[in-house]
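*Asks:*
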Amino acid sequence: MRVCISSLALASLASTQLVSAAPVAGSAKLIGRDDAAGIQYVPGSVDWDKVDWSQVNWSAVSWDAVNWQSVFSSDQPPIYTPEAPVSSAQSQPLSAAPVPPSAVPAPPSAVPQPSKTAPAPAPVPTSAVPTSVVPVPAPTLVVPSPSTPTPTPTPSPKPQPSPSPKPSPEPVYTPESTPEPVTSSPAAPEPEKPASSGSLWGLTYSPYNTDGSCPDLATVTSQLQKVAGVTGNIRLYSTDCSQLRNALQAISSSNLNLGIHAGLWISDGESRMQSDLDEFIAATKQYDSSLVKGVSVGNEDLSKGMSESTLIGHINQVRARLQSEGLGHIPVYATEQDAHFTKAIAAVCDVVQVNIYSIFDSIYTSVDSSVKSVIQRADNIKNNVAGGKPVRFGETGWSSAGSTGPSPLSLASEIAYVQKFKCAAAAAGYDYFYFEAKDALWKKGQALSEQSFGIFGHDFVQKFDFGLLNFC
Numbered sequence: 043m044r045v046c047i048s049s050l051a052l053a054s055l056a057s058t059q060l061v062s063a064a065p066v067a068g069s070a071k072l073i074g075r076d077d078a079a080g081i082q083y084v085p086g087s088v089d090w091d092k093v094d095w096s097q098v099n100w101s102a103v104s105w106d107a108v109n110w111q112s113v114f115s116s117d118q119p120p121i122y123t124p125e126a127p128v129s130s131a132q133s134q135p136l137s138a139a140p141v142p143p144s145a146v147p148a149p150p151s152a153v154p155q156p157s158k159t160a161p162a163p164a165p166v167p168t169s170a171v172p173t174s175v176v177p178v179p180a181p182t183l184v185v186p187s188p189s190t191p192t193p194t195p196t197p198s199p200k201p202q203p204s205p206s207p208k209p210s211p212e213p214v215y216t217p218e219s220t221p222e223p224v225t226s227s228p229a230a231p232e233p234e235k236p237a238s239s240g241s242l243w244g245l246t247y248s249p250y251n252t253d254g255s256c257p258d259l260a261t262v263t264s265q266l267q268k269v270a271g272v273t274g275n276i277r278l279y280s281t282d283c284s285q286l287r288n289a290l291q292a293i294s295s296s297n298l299n300l301g302i303h304a305g306l307w308i309s310d311g312e313s314r315m316q317s318d319l320d321e322f323i324a325a326t327k328q329y330d331s332s333l334v335k336g337v338s339v340g341n342e343d344l345s346k347g348m349s350e351s352t353l354i355g356h357i358n359q360v361r362a363r364l365q366s367e368g369l370g371h372i373p374v375y376a377t378e379q380d381a382h383f384t385k386a387i388a389a390v391c392d393v394v395q396v397n398i399y400s401i402f403d404s405i406y407t408s409v410d411s412s413v414k415s416v417i418q419r420a421d422n423i424k425n426n427v428a429g430g431k432p433v434r435f436g437e438t439g440w441s442s443a444g445s446t447g448p449s450p451l452s453l454a455s456e457i458a459y460v461q462k463f464k465c466a467a468a469a470a471g472y473d474y475f476y477f478e479a480k481d482a483l484w485k486k487g488q489a490l491s492e493q494s495f496g497i498f499g500h501d502f503v504q505k506f507d508f509g510l511l512n513f514c
């Protein structure tokens with residue numbers, strides 16, 4: 043019997059006692075190939091009892107370089123076959139420590155042992171052995187039957203990397219419908235970036251039914267659920283019809299993200315003011331007072347003929363009452379047209395809240411110029427009246443119908459104004475309440491323009507796509 047071992051495999055055994063085993067009859071010979079890795083050493087036989095397996099440096103064996111097809115001839119007995127070739131990407135480095143003899147099984151007893159009379163084979167030069175090492179598990183000695191063909195190791199396929207999924211593109215808002223263009227101004231460019239403040243900072247809300255009657259809690263709740271989708275703040279004008287109490291309960295029960303900026307109606311005399319104030323305190327104490335962000339004492343009362351001193355007296359009276367009721371943390375202020383706001387009024391207010399409109403101006407050139415005008419007027423109050431107090435728009439808006447002068451009142455103009463104003467106000471650093479939530483058909487006998495400021499219709503259906511408010 044003759045065992046053929048490739049020069050690469052034999053090189054790993056060169057430092058062991060294998061080379062000192064006494065072979066028997068049969069001469070050693072070198073079978074040459076063009077490359078050094080192909081040289082094969084063929085000893086006549088090997089005395090397996092003389093092999094010191096503990097000295098074999100298995101980690102130095104380059105199994106990938108073994109020509110398994112030519113290692114054994116078909117009549118050869120014992121064959122070393124790795125359990126499974128392991129690719130370099132899958133294998134883990136093996137320890138360089140010697141493999142204990144118990145790890146390598148002895149040749150089967152059924153295999154005839156070679157005699158020991160032949161001269162020792164010459165060692166194979168190590169210079170022809172490549173230095174790359176592919177670690178593999180310790181080989182297992184198998185004895186094939188005579189009819190079993192010599193197995194050819196099949197390398198496991200290397201795992202193919204899965205391509206990284208491409209990130210989904212950011213969603214791009216596409217308005218459902220495009221409003222008719224404003225003929226007096228060039229078409230606005232397509233929005234490029236979302237506005238940082240969301241839709242609207244604030245919205246005025248008068249809950250009255252179309253016939254002027256008081257809505258029930260279910261109606262207020264339903265309406266405020268829609269309002270909460272477009273703003274985080276509402277402004278009320280009074281406490282009648284239980285509107286403050288209903289709003290507080292609706293926000294609490296529905297967990298709406300809405301802050302309430304309440305109002306006291308003082309235009310109808312002292313008794314009405316006291317009634318509103320009593321209801322304000324009772325409702326605020328009943329619910330979470332942190333939902334109430336402030337209270338306005340009246341609305342445009344100087345414009346209606348109230349004296350400055352009377353208004354100042356009302357503001358101070360309300361503040362003192364709130365402090366006595368443990369509600370002194372709630373800001374108190376007046377709301378007035380910018381043309382009538384005085385430094386004396388500003389001095390007793392926690393916030394300078396002004397109503398500013400441009401649709402009543404006698405000159406109109408464009409929606410852009412109208413927006414620029416109201417921002418400039420707010421700047422004038424901030425610089426010359428407020429005395430360092432924060433300035434906020436109590437009202438501003440654009441009607442979608444009727445007539446107030448040269449300004450074009452249409453839905454397209456209303457959309458253009460609210461889009462441009464909200465962006466200009468955010469850029470200038472102003473908070474604001476846009477006027478108003480719904481069309482006020484309850485204002486019987488008043489002009490169509492006064493009834494048509496809402497972003498919702500009187501039935502609380504959106505008048506336009508609010509997604510248009512998400513971009514500047």
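So the sequence shown is numbered by my numbering: it starts at 43 and just counts up by one.
Glycine included, each C-beta is placed from N, C-alpha and C at the ideal position.
Only a predicted model underlies this, so the values are computations on that prediction, with no experimental measurement involved.
1. Just verifying my parser: in three-state terms, what is the DSSP assignment at Ala276?
2. I'd like the span of the alpha helix (DSSP H) that includes Ala304, first residue to last.
3. As a quick exercise: from Gly340, His500, Leu451 and Glu437, pick the residue whose alpha carbon is nearest that of Asp481.
4. Report the partner residues of Leu245 according to the DSSP bridge assignment.
5. Can you list, in chain order, the residues of its chain whose CB lies under 6 Å from that of Phe463, leaving out five sequence neighbours each side?
6. Could you tell me the alpha carbon to alpha carbon distance between Met348 and Ile308, rounded to whole angstroms?
7. With a 10 Å radius around its C-beta and 16 neighbouring C-beta atoms as the bar for buried, classify Gly487 as buried or exposed.
8. Measure the alpha-carbon distance for Gly254 versus Phe502 and round it to whole angstroms.
9. Check the C-beta distance from Lys335 over to Gly301 and give it rounded, since I have them as a contact under 8 Å.
10. Hey, quick one: how far does the beta strand (DSSP E) through Ser96 stretch, first residue to last?
11. Keeping to the same chain, check which residues put their C-beta closer than 6 Å to that of Tyr406; ignore five residues upstream and five downstream.
12. Going along the chain, which residues of its own chain have a beta-carbon closer than 6 Å to the beta-carbon of His356, five neighbours each way excluded?
13. Could you give the distance in angstroms between the alpha-carbon of Ala428 and the alpha-carbon of Asp380?
14. Kindly give me the distance between the Cβ atoms of Val337 and Gly305, rounded to whole angstroms, as I take these residues to be in contact under 8 Å.
15. With a floor of 4 residues, list each alpha helix (DSSP H) that falls wholly inside the region 330-369, ordered by position along the chain.
16. What residue range is occupied by the uninterrupted alpha helix (DSSP H) comprising Asn297?
17. Check whether the Cβ atoms of Asn341 and Thr384 lie closer than 7 Å to each other.
18. Alpha carbon to alpha carbon, how far is Gln265 from Gln504?
19. Measuring CB to CB, does Val394 end up less than 7 Å from Val360?
20. Buried or exposed, going by whether 16 or more other CB atoms sit within 10 Å of the CB of Asp91?
21. Can the beta-carbon of Leu278 be found less than 7 Å from the beta-carbon of Ala325?
22. If we ignore side chains and look at the alpha-carbon of each, how far apart do Leu319 and Thr281 end up?
23. Between Ser491 and Pro257, what straight-line distance do the alpha-carbon atoms span, to the nearest angstrom?
24. Given this structure, state the Cα-to-Cα distance separating Leu290 from Leu333, to the nearest angstrom.
25. Let's test the definition: count the other Cβ atoms within 10 Å of the Cβ of His303 and tell me whether it reaches 16, buried, or not, exposed.
26. Which value, in whole angstroms, describes the spacing of the CA atoms of Lys16 and Cys514?
27. Where does the unbroken beta strand (DSSP E) through Asn512 begin, and where does it stop?
28. Please report how far the alpha carbon of Ala466 lies from the alpha carbon of Ser294, in whole angstroms.
29. Helix, strand or coil for Asn397, going by three-state DSSP, please let me know.
30. With distances taken from CA atoms, which of Asn425, Asp421 and Gln461 is nearest Tyr476?
31. Give the secondary structure of Phe498 by DSSP, where H, G and I count as helix, E and B as strand, and everything else as coil.
32. Suppose the cutoff is 8 Å on Cβ atoms and the five residues either side in sequence are ignored; what does the same chain contact list for Ser404 look like?
33. For Val433, does the three-state DSSP call read helix, strand or coil?
34. Taking the alpha helix (DSSP H) that Glu378 belongs to, which residues open and close that run?
*Replies:* So, from the listed chains and residues:
1. Note on identity: in this sequence residue 276 is Ile, with Ala being the wrong assignment. Note: Ile276 maps to strand in three-state DSSP.
2. From DSSP, Ala304 is part of no alpha helix (DSSP H) but of the beta strand (DSSP E) over Gly301 to Leu306.
3. His500
4. Assignment of beta-bridge partners to Leu245 by DSSP yields Ile276 and Tyr476.
5. Val413
6. 10 Å
7. exposed
8. When rounded, the distance between both Cα atoms is 15 Å.
9. 4 Å
10. That residue, Ser96, is in no beta strand (DSSP E); it is neither H nor E in DSSP.
11. Pro448 and Ser449
12. Ile308 and Val339
13. 11 Å
14. 7 Å
15. 350-366
16. Element bounds for Asn297: n/a, residue is neither H nor E.
17. Not closer than 7 Å, so no.
18. 11 Å
19. no
20. exposed
21. Not in contact: Leu278 and Ala325 (Cβ atoms no closer than 7 Å).
22. 8 Å
23. Taken atom to atom, the span from the alpha-carbon of Ser491 to that of Pro257 is near 24 Å.
24. 7 Å
25. Classification of His303: buried, given that the 10 Å Cβ count is 16 or more.
26. The structure shown does not extend to residue 16, since the chain spans only 43 to 514, so no value can be given for it.
27. Asn512 -> no beta strand (DSSP E), and no H or E assigned at all.
28. 32 Å
29. strand
30. Gln461
31. strand
32. Cβ contact annotation for Ser404 (same chain, cutoff 8 Å, sequence separation greater than five): Gly447 and Pro448, in chain order.
33. strand
34. Looking at the DSSP string, Glu378 is not in any alpha helix (DSSP H); the run it does join, the beta strand (DSSP E), is Thr377 to Gln379.
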